[in-house]
DNA sequence: AAAACGGGGGT
DNA sequence: ACCCCAGTTTT
């Protein structure tokens, strides 16, 4: 039927007829079944690049409306390079992993300055751009330029772990290299773009994480995992998740003219450069611990006196590695200084929407607006 | 090698 | 509740 020899863990020696069938089945299926997606309208390297950054750890259905809006706002690489940073962040608001878009803007600026505005087509150069790792480099090279480079993401590791019966732990960084080597032996040199996208599309539509649709799969006859009945045990993924819980106190704090106090987060770390309501982590169990922590944080940071009047709500927000339990306080601020620090601002409720807020704090905005209507 | 880094959707 | 997602950067 087919031959599959594993010489070592990372070097495959696949029979040429197997490779040919693999390509034929995959490319035929992809051609017949690929979804119509906005980033497939053309091969503009900039648009392909934007889509790949958005798609990192993010589902296709989530990305579609963001991609439409983002490319309408910034139609060309130059538009993005010269755009105001906060406007760019606002366009990403709600997508998460905000460093993606800040790295992307850094990278398109470099393309303007170093590569005359043309996205580089060499593996070394493109991989050197901020935010472009091994996956994105291969994706852009193959999809935009037709270069036969592997683009190994979670889909590809799942699909190939099943088809080739690769039982390495995909949570380990070095395992990706094994799959890249497999792709190098399998990839179609006639149509690397469809090959890579076909692998991912198959992972999204057929070879899904839970209960893969093997009876509908074009690769079934070539799939060693199916042959051995192991499709549901693959890929092997070890390693655990631990989510720390942080107790936060946040303030809806009005100045004497009724405007609210907001703060811009630092340029590095969690939710970098996003705006937020004043908040701080606290330790303890009672209201006193909350007001003491929040009050002294604001008072010491902007030199004001703060009066926290009443609890205004409670919000939970879960990140991949962290859970925030936010106690919300409503109160008043008497500002004593001349000017607020540059990363603080007074805003009217109707101005809040101009600033990029993380979803956790959009929940606070929602509560404020509901309270005003009531 | 492991942790940091968002948010949403599926089961 | 847990897993996963067209991953990359920092530690």
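In this note's numbering, the protein residues as written are 79 to 452. The beta-carbon is built from N, C-alpha and C at its ideal position, and this holds for glycine as well. None of these values were measured; they are calculated from a predicted model.
Spatial distance of residue i from residue j (CA atoms)
| i | j | result |
| --- | --- | --- |
| residue 124 | residue 266 | 24 Å |
| residue 360 | residue 256 | 45 Å |
| residue 424 | residue 164 | 17 Å |
| residue 433 | residue 166 | 11 Å |
| residue 319 | residue 135 | 16 Å |
| residue 336 | residue 411 | 10 Å |
| residue 202 | residue 188 | 14 Å |
| residue 91 | residue 303 | 18 Å |
| residue 295 | residue 237 | 11 Å |
| residue 324 | residue 178 | 24 Å |
| residue 229 | residue 239 | 15 Å |
| residue 286 | residue 280 | 8 Å |
| residue 117 | residue 129 | 6 Å |
| residue 251 | residue 212 | 11 Å |
| residue 227 | residue 180 | 26 Å |
| residue 233 | residue 207 | 24 Å |
| residue 159 | residue 348 | 23 Å |
| residue 353 | residue 169 | 14 Å |
| residue 81 | residue 431 | Unreliable placement is indicated for residue 81, whose pLDDT of 35 sits below 50; the coordinate value is still reported in the next sentence. Computed Cα separation, rounded: 60 Å. |
| residue 299 | residue 305 | 8 Å |
| residue 421 | residue 405 | 23 Å |
| residue 183 | residue 247 | 34 Å |
| residue 408 | residue 133 | 38 Å |
| residue 307 | residue 111 | 25 Å |
| residue 88 | residue 172 | With a pLDDT of only 42 at residue 88, under 50, the local geometry of the prediction cannot be trusted, and the value read off the model is given with reservation. Straight-line Cα distance between these residues: approximately 39 Å. |
| residue 221 | residue 215 | 10 Å |
| residue 338 | residue 157 | 33 Å |
| residue 245 | residue 314 | 6 Å |
| residue 341 | residue 334 | 18 Å |
| residue 445 | residue 399 | 25 Å |
| residue 186 | residue 259 | 29 Å |
Helix, strand or coil at residue i [DSSP, three-state]
| i | result |
| --- | --- |
| residue 387 | strand |
| residue 350 | coil |
| residue 121 | coil |
| residue 359 | strand |
| residue 286 | coil |
| residue 194 | coil |
| residue 83 | For residue 83, the predicted structure reports a pLDDT of 41, less than 50, and the residue's modelled location is therefore unreliable. A value from the coordinates is still provided. Three-state result, residue 83: strand. |
| residue 432 | helix |
| residue 184 | helix |
| residue 152 | coil |
| residue 137 | coil |
| residue 247 | strand |
| residue 477 | No statement about residue 477 is possible, as the shown extent of the chain runs from 79 to 452 and does not include it. |
| residue 323 | strand |
| residue 345 | coil |
| residue 291 | coil |
| residue 382 | strand |
| residue 447 | helix |
Buried versus exposed call for residue i [16 or more other C-beta atoms within 10 Å across all chains shown]
| i | result |
| --- | --- |
| residue 436 | buried |
| residue 176 | buried |
| residue 144 | buried |
| residue 384 | buried |
| residue 438 | buried |
| residue 321 | exposed |
| residue 93 | exposed |
| residue 419 | exposed |
| residue 98 | exposed |
| residue 396 | exposed |
| residue 85 | Bear in mind that a pLDDT of 37 at residue 85, under 50, signals an unreliable position, so the model cannot answer this. |
| residue 309 | buried |
| residue 311 | exposed |
| residue 454 | This structure does not reach residue 454, given that the chain is present from 79 up to 452, and the question cannot be answered. |
| residue 372 | buried |
| residue 415 | exposed |
| residue 162 | exposed |
| residue 450 | exposed |
Residues sharing a beta bridge with residue i, DSSP
| i | result |
| --- | --- |
| residue 407 | 329, 389 |
| residue 396 | 401 |
| residue 142 | The partner list for residue 142 (beta bridge, DSSP) is empty, contrary to what the question assumes. |
| residue 412 | 383 |
| residue 314 | 247 |
Residue range of the alpha helix (DSSP H) that includes residue i
| i | result |
| --- | --- |
| residue 103 | 94 to 111 |
| residue 264 | 253 to 264 |
| residue 115 | Note, residue 115: premise wrong, no alpha helix (DSSP H); not H, not E. |
| residue 216 | 212 to 223 |
| residue 241 | 232 to 241 |
| residue 303 | 302 to 305 |
| residue 167 | 163 to 170 |
| residue 204 | 201 to 205 |
Span of the beta strand (DSSP E), counted from its first residue to its last, around residue i
| i | result |
| --- | --- |
| residue 425 | 422 to 425 |
| residue 342 | 338 to 342 |
beta-carbon residue i near the ligand NAP non-hydrogen atom, thresh 7 Å
| i | result |
| --- | --- |
| residue 208 | Of the ligands one can find in the structure shown there are none, so the ligand NAP has no counterpart to examine. |
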